[in-house]
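Here the sequence shown is numbered in UniProt numbering, starting from 1 and rising by one per residue.
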Amino acid sequence: MLRAAYFAQELLSTFGTTLGEVSLRPATGGLFTVTIVPNASTEEMLLWDRKRDGGFPEVKQLKALVRNIVDPTRNLGHVDRALNKANKDKEDVAKAEGKEGKEGSKPDSTTEQQQQQVVIDASAAAQTSEKEVKTPSKSQEVCEDCQ
Numbered sequence: 001m002l003r004a005a006y007f008a009q010e011l012l013s014t015f016g017t018t019l020g021e022v023s024l025r026p027a028t029g030g031l032f033t034v035t036i037v038p039n040a041s042t043e044e045m046l047l048w049d050r051k052r053d054g055g056f057p058e059v060k061q062l063k064a065l066v067r068n069i070v071d072p073t074r075n076l077g078h079v080d081r082a083l084n085k086a087n088k089d090k091e092d093v094a095k096a097e098g099k100e101g102k103e104g105s106k107p108d109s110t111t112e113q114q115q116q117q118v119v120i121d122a123s124a125a126a127q128t129s130e131k132e133v134k135t136p137s138k139s140q141e142v143c144e145d146c147q
């Protein structure tokens, strides 16, 4: 329950009034799911399931998943930079392994899910306007939480 409360606090501090509600539902048996009901729908959308996704999310992963639904054009600042760096590092490792002649090796399901997430993030970024694509220098770049 403490971890769920921590995630709720992080989402509220990042998204504020953009989220209509964050609720915690106690459960037993190791159940941990994160669902969202977008404004345009009445159906819950499952963002994270501990059993399906193999554990608990990192806060930055959860924030990115919520952002992709709530406000895809929103810049999460240091969270986006960390996710992009992690994805680039994994791609570099995969390329290096491919060059070493490890033919026939199959990427695990986690890698495939992360690559899928990169595609989703890239398509969301491609929909932004030219003003949003222009990035300020590192000294000027500040996320909304840090302002």
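Ideal Cβ positions, reconstructed from N, Cα and C, are used throughout, including at glycine.
Quick caveat: nothing in here was measured; it's all calculated off a predicted structure.
{"Query": "Within 10 angstroms of its Cβ, does ARG52 collect 16 or more other Cβ (buried), or is it exposed?", "Result": "exposed"}
{"Query": "Would you call the CB atoms of VAL59 and PHE7 closer than 8 Å?", "Result": "yes"}
{"Query": "My output table needs one value for PHE15: the three-state DSSP class, helix, strand or coil.", "Result": "helix"}
{"Query": "For THR33, tell me which candidate among SER13, GLU97, MET1 has the shortest Cα-Cα distance.", "Result": "MET1"}
{"Query": "For LEU46, which beta-bridge partners are listed by DSSP?", "Result": "THR35"}
{"Query": "Roughly how many whole angstroms lie between the Cα atoms of SER13 and ARG50?", "Result": "23 Å"}
{"Query": "Could you check the C-alpha separation between GLU10 and GLU21 for me, to the nearest Å?", "Result": "13 Å"}
{"Query": "With C-beta atoms as the reference, is ASP70 less than 8 Å away from LEU47?", "Result": "Before going further, note that residue 70 is Val rather than Asp in the sequence given. No, Cβ-Cβ distance for VAL70 and LEU47 is not below 8 Å."}
{"Query": "Helix, strand or coil for ASN98? Go by DSSP, reduced to three states.", "Result": "The sequence shown places Gly at residue 98, rather than the Asn named in the question. Three-state DSSP puts GLY98 in a helix."}
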